[in-house]
Amino acid sequence: MQFKSFALVSALAASALAQSTSSASAATASTSISIASGCSFTETATATAQSDLDDLNSCVAIKGDVYITGSLGSAALDNVQAIYGSLTIDNATSLASFSAGSLGAITEQFNLQSLTILSTLNLPALSTVGSVNFVTLPALSSINLNTGVTQVNSLYISDTSLETLDGFDITSLDTFNVNNNKNLASIDSQLQNVKVALEVSYNSENVEVTFDELEWANNITFRDGASVSLAKLSSVNASLGFINNSITEIDLATLSTIGGSLSIVSNDELESLDFTNLTSISGGFVISNNSALNNISGFDSLETVGGAVIFQGNFTNASLPSLRRVSGGFTVESEGELDCDEFNSLNSKGVIQGDSYVCSAASTSTSVQVSSTASGDDSSSSSTHSSSATASNSASSSSSKAGAGSVTVGASFLTAFAGFMLALL
């Protein structure tokens, strides 16, 4: 058996190493197994052949990290019930199958990476893992997780041939990131909260995503999906984004607050929105380039937006009936026959508090540039309504073409918008 140096990265493993190596007892939330003499390592146990794993199979529990690499065709670690450390299988390009039939817990990381022909992964007893990182497993289409993983802090699955995520029965974690799995047909998760980030992106364009038990999350991003269901989502602490999906509707009638930005961008088949109970967005609010969305509605309760509002597309109707404060700029640009009267009224009432207001459509445009030092009736501004004329602003020489009219947008707003969209995409 070979060894390489390593450092433990969590309090759980550090606490375990502090115990006696002869007959110590280490524990996870669900199990407590004695560690026999010879099964506790201060250096990583590296296996390049099945004979190395056979030596480890004499241990019911291992304290330390296990690293598997080399030219194994198959590998089995079937007697070990717990690893108080990490298990990594890396760059074993000949490995077709891995089995750990008794393994119930890995307290740190479970890393499978660059295993190009791995097609069989048998983990029937696994229930507890610190973090799961499966990357570049192009031949892996399914995992045998009979018991089901119920405890994990971070789940990262990228570039596999998995068709479902069956067997991951998690209700709470820090990070859920599933990306670039081109055969993934569905994600049906029982997650109730996500403390750091939830991202599902660049998988099969037909993937159907269901998080119907999710009540809150910090950040949420969905890209390139066919459908998204979030039946119980009530709050998002930071930002929420739907980008480049083929979804036809977004139904978030239970959502009440967004602590960051809301972005709905480049969803070509999107036809309807329902954010009926959403009252506040603390960051920016962007709906842009959704070619089938003719009606921007479904925001009946939205009162405040802490950043800029940007609506762009081919819509003929847009309405925010309860809006009472926008702290940033306000830009509505439509190629359709949009009536700007509602938004013009909001601007005239001082609802829009940023340094620029623009509403332009196929046959009308309105532009207002407000000095950063101006307020109330003393503000320096200009406003023009036209059917085919040019609206310009004496405070700025820059202009942009929109339908039959020309509108002026403040440089500070354009800079902020460009930065926002770059960060988003």
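Residues -18 to -1, 1 to 407 (mature numbering (1 follows the signal peptide of the UniProt record, and there is no 0)) make up the sequence shown, in order. The C-beta atom is built at its ideal place from N, Cα and C for all residues, glycine as well.
Assign residue i to buried or exposed, taking buried as 16 or more other Cβ atoms, counted over all protein chains shown, within 10 Å of its Cβ.
i    : result
G130 : exposed
G242 : buried
L54  : buried
N201 : buried
T70  : buried
N249 : buried
R306 : exposed
S300 : It should be pointed out that residue 300 corresponds to Ala in this sequence rather than to Ser. It is buried - the Cβ of A300 has at least 16 other Cβ atoms within 10 Å.
S12  : For S12, the predicted model reports a pLDDT of 45, less than 50, meaning its position is unreliable and no value from the coordinates is stated.
S338 : buried
N272 : buried
T346 : buried
G266 : buried
A235 : exposed
Roughly how many whole angstroms lie between the Cα atoms of residue i and residue j?
i           : j    : result
T135        : T51  : The question names Thr, but residue 135 is Asn in the sequence shown. If I take the Cα positions, the gap works out to 25 Å.
G317        : S209 : Note that residue 317 is Glu in the sequence shown here, rather than Gly. Taking the straight line joining both Cα atoms gives about 27 Å.
I15         : Y49  : 21 Å
V62         : K45  : 11 Å
F257        : F281 : 5 Å
S81         : A167 : 25 Å
G336        : L222 : 22 Å
L144        : L122 : 6 Å
N165        : D148 : 14 Å
A64         : S113 : 15 Å
V268        : F312 : 10 Å
T230        : V117 : 31 Å
I292        : S216 : 24 Å
S40         : F23  : 14 Å
residue 413 : Q95  : The structure shown does not extend to residue 413, since the chain is modelled only from -18 through 407, so no value can be given for it.
residue 409 : S327 : Because the chain here runs from -18 to 407, residue 409 falls outside it and cannot be looked at.
N115        : A29  : 19 Å
residue 410 : I88  : Residue coverage of the chain in this structure runs from -18 to 407, which leaves residue 410 outside it and unanswerable.
P120        : T239 : 39 Å
S262        : I169 : 29 Å
N73         : T98  : 8 Å
S270        : L244 : 11 Å
N163        : K177 : 23 Å
S186        : S304 : 38 Å
G20         : V42  : 11 Å
V247        : L212 : 18 Å
V308        : D233 : 24 Å
L100        : V333 : 59 Å
Could you spell out the range, first to last residue, of the alpha helix (DSSP H) harbouring residue i?
i    : result
Q32  : Q32 to L38
F325 : D323 to S330
So, for residue i: in the same chain, excluding its five sequence neighbours on each side, which residues have a beta-carbon less than 7 Å away from its beta-carbon?
i    : result
A107 : G83, S84, L85, G86 and T129
L275 : L252, E253, G295 and F297
L302 : F281 and L284
Identify every residue that forms a DSSP beta bridge with residue i.
i           : result
Y66         : K45
A58         : S81
D250        : The partner list for D250 (beta bridge, DSSP) is empty, contrary to what the question assumes.
E231        : S254
E315        : Q294 and S342
I269        : I246 and F293
residue 416 : Limits of the chain in this structure are -18 at one end and 407 at the other, which puts residue 416 out of reach.
V333        : Partner(s): none; V333 has no beta bridge.
Using C-beta distances below 8 Å, list every residue in its chain close to residue i, excluding the 5 sequence neighbours before and after it, in chain order.
i    : result
L173 : I152, T153, S154, L155, F158, L180, F193, E195 and L196
N277 : S254, F297, T298, N299 and A300
Cutting at 6 Å between CB atoms, please list the residues of its own chain near residue i, excluding the five before and the five after it.
i    : result
G310 : G289, A290 and G336
V182 : V160, V191 and F204
T132 : S109 and D151
G207 : V189, V191 and N227
S68  : D47, E90 and Q91
C341 : V314, C322, F325 and T348
T102 : S79
Y138 : N115 and N159
N93  : T70 and N115
D36  : none
S146 : The residue you asked about is not Ser; residue 146 is Thr in the sequence shown. So the list reads S168, once near-sequence residues are dropped.
For the beta strand (DSSP E) containing residue i, list its first residue and its last residue.
i    : result
D156 : S154 to N161
S168 : S168 to D170
N201 : W198 to R205
G149 : Where G149 is concerned, there is no enclosing beta strand (DSSP E), given that its DSSP letter is neither H nor E.
Y138 : Q133 to T142
E25  : Per DSSP, E25 belongs to no beta strand (DSSP E) and is neither H nor E.
A87  : A87 to Q95
G112 : T110 to L119
A179 : N175 to S183
T102 : T102 to N104
G223 : L222 to I225
V210 : S209 to S211
Heavy atom of the ligand HEM less than 6 Å from the Cβ of residue i, yes or no?
i   : result
N73 : The ligand HEM is absent from the structure shown, which contains no ligand whatsoever.
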